[in-house]
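Residue numbers (my numbering): 38 to 588.
Using N, Cα and C, we set each Cβ at its ideal position, and we do this for glycine too.
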Amino acid sequence: MEYSALQKARYEYQPKLPSILRNPIHSLVAVTGEATSPAQDAQEIKDLFPSTFGLPKVDFEVTGDTVRHQAINMGVILSGGQAPGGHNVISGLYDALKQANPESNLYGFLGGPSGLLEDRKVLFDDAFIDEYRNTGGFDIIGSGRTKLETTEQFDTCAEVCKKHDITAIVIIGGDDSNTNAAVLGEYFLNKGSNISVVGCPKTIDGDLKNEFIEVSFGFDTATKTYSELIGNLMRDANSSKKYWHFIKLMGRSASHIALECALQTQPNVCLVSEEIEAKNMSLQDVVETITDAVATRAAKGLNYGIALIPEGLVEFIPEVKLLIATLNTLLAKEENAYSALTTWEEQKDFVTSRLEQDNRKVFLSLPTDIQKQLLMDRDPHGNVQVSRIETEKMLISMVDSALAQKKKEGTFSGSFTGLNHFFGYEGRCAFPSNFDADYCYSLGYNAYLLVSNSFSGYISSVGNLTAPADQWTAGGIPITMMMNLEERHGEMKPVIKKALVDLEGKPFKYFERMRETWKSETSFIFPGAIQYYGPTEVCDAVTRTLSLEHN
Ligand code: FBP
Numbered sequence: 038m039e040y041s042a043l044q045k046a047r048y049e050y051q052p053k054l055p056s057i058l059r060n061p062i063h064s065l066v067a068v069t070g071e072a073t074s075p076a077q078d079a080q081e082i083k084d085l086f087p088s089t090f091g092l093p094k095v096d097f098e099v100t101g102d103t104v105r106h107q108a109i110n111m112g113v114i115l116s117g118g119q120a121p122g123g124h125n126v127i128s129g130l131y132d133a134l135k136q137a138n139p140e141s142n143l144y145g146f147l148g149g150p151s152g153l154l155e156d157r158k159v160l161f162d163d164a165f166i167d168e169y170r171n172t173g174g175f176d177i178i179g180s181g182r183t184k185l186e187t188t189e190q191f192d193t194c195a196e197v198c199k200k201h202d203i204t205a206i207v208i209i210g211g212d213d214s215n216t217n218a219a220v221l222g223e224y225f226l227n228k229g230s231n232i233s234v235v236g237c238p239k240t241i242d243g244d245l246k247n248e249f250i251e252v253s254f255g256f257d258t259a260t261k262t263y264s265e266l267i268g269n270l271m272r273d274a275n276s277s278k279k280y281w282h283f284i285k286l287m288g289r290s291a292s293h294i295a296l297e298c299a300l301q302t303q304p305n306v307c308l309v310s311e312e313i314e315a316k317n318m319s320l321q322d323v324v325e326t327i328t329d330a331v332a333t334r335a336a337k338g339l340n341y342g343i344a345l346i347p348e349g350l351v352e353f354i355p356e357v358k359l360l361i362a363t364l365n366t367l368l369a370k371e372e373n374a375y376s377a378l379t380t381w382e383e384q385k386d387f388v389t390s391r392l393e394q395d396n397r398k399v400f401l402s403l404p405t406d407i408q409k410q411l412l413m414d415r416d417p418h419g420n421v422q423v424s425r426i427e428t429e430k431m432l433i434s435m436v437d438s439a440l441a442q443k444k445k446e447g448t449f450s451g452s453f454t455g456l457n458h459f460f461g462y463e464g465r466c467a468f469p470s471n472f473d474a475d476y477c478y479s480l481g482y483n484a485y486l487l488v489s490n491s492f493s494g495y496i497s498s499v500g501n502l503t504a505p506a507d508q509w510t511a512g513g514i515p516i517t518m519m520m521n522l523e524e525r526h527g528e529m530k531p532v533i534k535k536a537l538v539d540l541e542g543k544p545f546k547y548f549e550r551m552r553e554t555w556k557s558e559t560s561f562i563f564p565g566a567i568q569y570y571g572p573t574e575v576c577d578a579v580t581r582t583l584s585l586e587h588n
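(1) Does the stretch 196–210 come close enough to the stretch 160–171 to have 3 or more Cβ pairs within less than 8 Å?
(2) Which class does Gly288 belong to by DSSP, given the choice of helix, strand or coil?
(3) Check whether the stretch 371–380 and the stretch 346–353 touch, using three or more Cβ-Cβ pairs below 8 Å as the test.
(4) Could you tell me the distance, in whole angstroms, from the CA atom of Asn501 to the CA atom of Thr510?
(5) Suppose you measure from the CA of Asp213 to the CA of Phe146; what does that come to, to the nearest Å?
(6) Does the stretch 278–294 come close enough to the stretch 136–145 that 3 or more CB-CB pairs lie under 8 Å?
(7) Is there at least one non-hydrogen atom of the ligand FAD closer than 7 Å to the beta-carbon of Gln44?
(8) Tell me whether the beta-carbon of Tyr570 lies closer than 8 Å to the beta-carbon of Leu130.
(9) Distance, Cα to Cα, Glu586 vs Val309?
(10) Which residue from Ile533, Thr517, Ile516 puts its Cα closest to that of Glu523?
(11) For the alpha helix (DSSP H) that contains Arg397, what are its first and last residues?
(12) Measure from the C-beta of Thr326 to each C-beta in chain B and report whether the shortest distance is under 8 Å.
(13) Locate the alpha helix (DSSP H) running through Gly338, then write down its first and last residues.
(14) On the criterion of 16 or more Cβ atoms from any shown chain inside 10 Å, does Lys53 qualify as buried, or is it exposed?
(15) May I ask you to verify whether the stretch 314–331 touches the stretch 422–442, counting CB pairs closer than 8 Å and requiring at least 3?
(16) So, at 7 Å on beta carbons, what are the nonlocal neighbours of Cys466 in its own chain, with the 5 sequence-adjacent residues on each side left out?
(17) Of the choices Phe249, Ala377, Gly288, whose alpha-carbon is the least far from that of Leu537?
(18) Might you give, ordered along the chain, the residues of its own chain that have their beta carbon closer than 6 Å to the beta carbon of Asn396, omitting 5 neighbours on each side?
(19) For the stretch 275–329, which segments carrying the beta strand (DSSP E) assignment without a break, of at least 3 residues, lie completely within its bounds, in sequence order?
(20) What do you get for Trp381, buried or exposed, if any count of 16 or more other CB atoms within 10 angstroms of its CB means buried?
(21) Report all residues from its chain with a CB closer than 7 Å to the CB of Pro93; omit the five preceding and five following residues, and keep chain order.
(22) Spatial neighbours of Val104 within its chain, please: C-beta separation below 7 Å, excluding the five flanking residues on both sides.
(23) Going by the beta-carbon positions, is the gap between Ser493 and Leu226 smaller than 8 Å?
(24) Taking the continuous alpha helix (DSSP H) assigned at Phe165, which residues delimit it?
(25) Rounded to the nearest angstrom, what separates Glu311 and Pro355 at their Cα positions?
(26) With which residues is Val66 paired in a DSSP beta bridge?
(27) Among Pro150, Arg550, Val252, Met529, which residue has its Cα nearest to the Cα of Ser497?
(28) When you compare each of Thr454, Arg334, Gln384, Val99 to Glu553 by their alpha carbons, which one comes out closest?
(29) So Lys530 is in the beta strand (DSSP E); what residue range does that whole segment cover?
(30) Would you call the stretch 217–233 and the stretch 76–95 in contact, with 3 or more CB pairs under 8 Å?
(31) For Ser128, which residues from the same chain have a beta carbon less than 6 Å from its beta carbon, with the 5 sequence-adjacent residues on both sides left out?
(32) Alpha carbon to alpha carbon, how far is Phe191 from Lys530?
(33) Going by DSSP, what residue range makes up the alpha helix (DSSP H) through Ala79?
(34) Within 10 Å of its beta-carbon, does Met435 have 16 or more other beta-carbons around it, so buried, or fewer, so exposed?
(35) Less than 8 Å between the C-beta atoms of Phe561 and Thr302, yes or no?
(36) Can you grab the Cα-Cα spacing for the pair Glu248 / Ser450, in whole Å?
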């Protein structure tokens, strides 16, 4: 096996732990606080989680006694999309477990939650773990999107754990996976089983955060990677002065990634889906926002610029959201008749003749490629796969048409050439930044301490993240405390609330204050590549979002 020089160097990197976790593991005891309760729907959550409702928060402190750790078998699962730092959660978990008792075993279930259901796993040892320390990706054991949510699945999990005498499972995932970790933990407790389940907050999207979780891991590295690329395009635009770059950024629904990249790079336009929904903007309004920026700059002789577009945009434009929902229902209901059609003209007529006037108008306003994308590519649930809609291309084409019209009217005399980009997968498996390497290792180390103390239904929580790592806090938060009830497929379900961009929050407010200047001036910032070695202000800086939210 050949390694890059950076990979070799990263193998040697020792992630930083919070001071409390730097004490010998045999001197750490858990201390619990007051009983907790969710802010909303407390009675309903209590009824659904009789065994794990009201659990206390957990912290650790040092005792003068020696704390013995029994040998245990533990399993770990990676769930959902990749996020930089997943390997470090596992190495932190492994190191804590082996320091506590070298006879303990850590199993990695392969390919996500389905690995547990199908009993496919590996047993980690030092050599195995050492290959993956401080590296990006989830390839150590793979990931998957199977949801652990049915009683049959929970029974299978219990059987697999019993077979291998596994008494603890750590699930590394996003809001849904951590919700399911809580449901599984509750299920085991109700069955009188001794299996503890603890979650770790993962997702580049940054939408798993609240009062108790400052940020999900991966957001830091992914946004720094995208910002480097955006900065490079800014330099190019600044050099050639002839292109507008439209850059779609991953992040599924929430616009945290787009907003953070805007704060890091200061583009001319950044759309924030949550704002567009709140202001009930139409697609034409969105196009007009960008067209206005292009025209404003063109009037100053600046025929170039950068526009950031969040991945989930179309679902937040109320009229497009309605159109998508209508198309989902229509195509599900008339699936056979629709699939018998062979030409695009037939398909288009079929759909437009069945849409009501408003929906038809929106549909017909879209470029043909986008109309086709809305009618193809449905997921197994019959929904259009929104992330595959090429919003960035759609907006270029619509802005182009709007400017052509303005030209005819004599109100635009500049030039416009749009180039489209989509940054998503480029950032999900980057070498974790020092922040993510340290944070993830701490989350894993801390998760071991939670399960070894038999806490179940908790999420591993490391806080005070804007301070240097030695001042970080470490402990556990009961997952039920972060839940509320939401409608899913027509039923009210307990879930961890997804955090969308808060339009009253400091990151958005700062952006709102600055965007007029960023639009007309050229105020680009070039963040450059993530640095792993060098001065702390260069290598350990936190995201702008985290620093604005917490300082
Ligand atoms: P998670 O929510 O599972 O962390 O996934 C994040 C994400 O990268 C989204 O930003 C993106 O929309 C989606 O995964 C892409 O999914 P896939 O990996 O299945 O293409």
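Put simply:
(1) Result no; under three Cβ-Cβ pairs closer than 8 Å.
(2) Position 251 of the sequence shown, counted from the start, is the residue given in the question as residue 288. Note: Gly288 maps to coil in three-state DSSP.
(3) Contact fails: fewer than three Cβ-Cβ distances are below 8 Å.
(4) Along the sequence shown, read from residue 1 onward, the residue named residue 501 stands at position 464. Along the sequence shown, read from residue 1 onward, the residue named residue 510 stands at position 473. The alpha-carbon atoms of Asn501 and Thr510 are separated by roughly 6 Å.
(5) One-based indexing of the sequence shown puts residue 213 at position 176. One-based indexing of the sequence shown puts residue 146 at position 109. C-alpha separation (whole angstroms): 18 Å.
(6) By the Cβ criterion, the stretch 136–145 is not in contact with the stretch 278–294, since fewer than three pairs of Cβ atoms, one from each stretch, lie closer than 8 Å.
(7) The model depicted lacks the ligand FAD and carries the ligand FBP instead.
(8) As a working mapping, residue 570 is identified with position 533 in the sequence shown. As a working mapping, residue 130 is identified with position 93 in the sequence shown. The answer is no: Cβ separation not under 8 Å.
(9) Translated into the one-based positions of the sequence shown, residue 586 becomes position 549. Translated into the one-based positions of the sequence shown, residue 309 becomes position 272. Spanning the alpha carbons of Glu586 and Val309 requires a straight line of approximately 17 Å.
(10) By one-based count along the sequence shown, residue 523 stands at place 486. The option with the nearest alpha carbon to Glu523 is Ile533.
(11) What you label residue 397 is simply residue 360 of the sequence shown in a count that begins at 1. Its alpha helix (DSSP H) spans residues 394–402.
(12) In the structure shown, chain B cannot be found, because there is only a single protein chain.
(13) The sequence position of residue 338 within the sequence shown is 301, counting from 1. Membership of Gly338 in any alpha helix (DSSP H) is not indicated, and neither H nor E is assigned to it by DSSP.
(14) Walking along the sequence shown from the start, residue 53 turns up at place 16. Of the residues assessed, Lys53 falls on the buried side of the cut-off, its CB having 16 or more other CB atoms within 10 angstroms.
(15) With three or more CB-CB distances shorter than 8 Å, the stretch 314–331 counts as touching the stretch 422–442.
(16) Taking the first residue of the sequence shown as position 1, residue 466 is located at position 429. So the list reads Gln119, Pro121, Gly173, Gly174, once near-sequence residues are dropped.
(17) Residue mapping note: residue 537 aligns to position 500 of the sequence shown, counting from 1. When the alpha-carbon of Leu537 is set against those of Phe249, Ala377, Gly288, the nearest one is in Gly288.
(18) On the sequence shown, residue 396 is found 359 positions in, with the first residue counted as 1. Excluding residues within five positions, the ones whose Cβ falls inside 6 Å are Leu360, Thr363.
(19) Runs found: 281–286.
(20) Counting from 1 along the sequence shown, the entry for residue 381 is found at position 344. So Trp381 ends up on the exposed side.
(21) To locate residue 93, count along the sequence shown from 1; it is residue 56. Cβ within range, chain order: Thr69, Gly70, Glu71, Ala72, Thr73.
(22) Within the sequence shown, residue 104 is the residue found at index 67, counting from 1. The beta carbon of Val104 is closer than 7 Å to those of His63, Ser64, Leu65, Val66 in its chain, skipping five residues each way along the sequence.
(23) One-based indexing of the sequence shown puts residue 493 at position 456. One-based indexing of the sequence shown puts residue 226 at position 189. Cβ distance < 8 Å, so Ser493 and Leu226 count as in contact.
(24) In the sequence shown, the residue the question calls residue 165 occupies position 128. Counting along the chain, the alpha helix (DSSP H) containing Phe165 begins and ends at 163–167.
(25) Start at 1 with the first residue of the sequence shown, and residue 311 comes out as number 274. Start at 1 with the first residue of the sequence shown, and residue 355 comes out as number 318. Pairing Glu311 with Pro355, the inter-Cα distance amounts to about 11 Å.
(26) Here residue 66 is taken as the residue at index 29 of the sequence shown, counted from 1. According to DSSP, Val66 bridges with Glu98.
(27) The count along the sequence shown starts at 1 and reaches residue 497 at position 460. Between Ser497 and the set Pro150, Arg550, Val252, Met529, the nearest pair of CA atoms involves Val252.
(28) Locating residue 553 in the sequence shown gives position 516, where the first residue counts as 1. The shortest C-alpha separation from Glu553 is found at Arg334.
(29) For the purposes of this step, residue 530 is taken as residue 493 along the sequence shown, with counting starting at 1. For Lys530, the uninterrupted beta strand (DSSP E) run begins and ends at 528–533, by DSSP.
(30) Verdict: yes, contact present.
(31) On the sequence shown, residue 128 is found 91 positions in, with the first residue counted as 1. Ile166, Arg170.
(32) As a working mapping, residue 191 is identified with position 154 in the sequence shown. As a working mapping, residue 530 is identified with position 493 in the sequence shown. Distance between the alpha carbons of Phe191 and Lys530 is about 17 Å.
(33) In the sequence shown, the residue the question calls residue 79 occupies position 42. First-last of the alpha helix (DSSP H) with Ala79: 79–85.
(34) Here residue 435 is taken as the residue at index 398 of the sequence shown, counted from 1. By the Cβ neighbour-count rule, Met435 is buried, with 16 or more other Cβ atoms within 10 Å of its own.
(35) Working through the sequence shown from its first residue, we reach residue 561 at position 524. Working through the sequence shown from its first residue, we reach residue 302 at position 265. Phe561 places its beta carbon less than 8 Å from that of Thr302.
(36) Numbered from 1 along the sequence shown, position 211 holds the residue referred to as residue 248. Numbered from 1 along the sequence shown, position 413 holds the residue referred to as residue 450. Whole-angstrom Cα-Cα distance: 50 Å.
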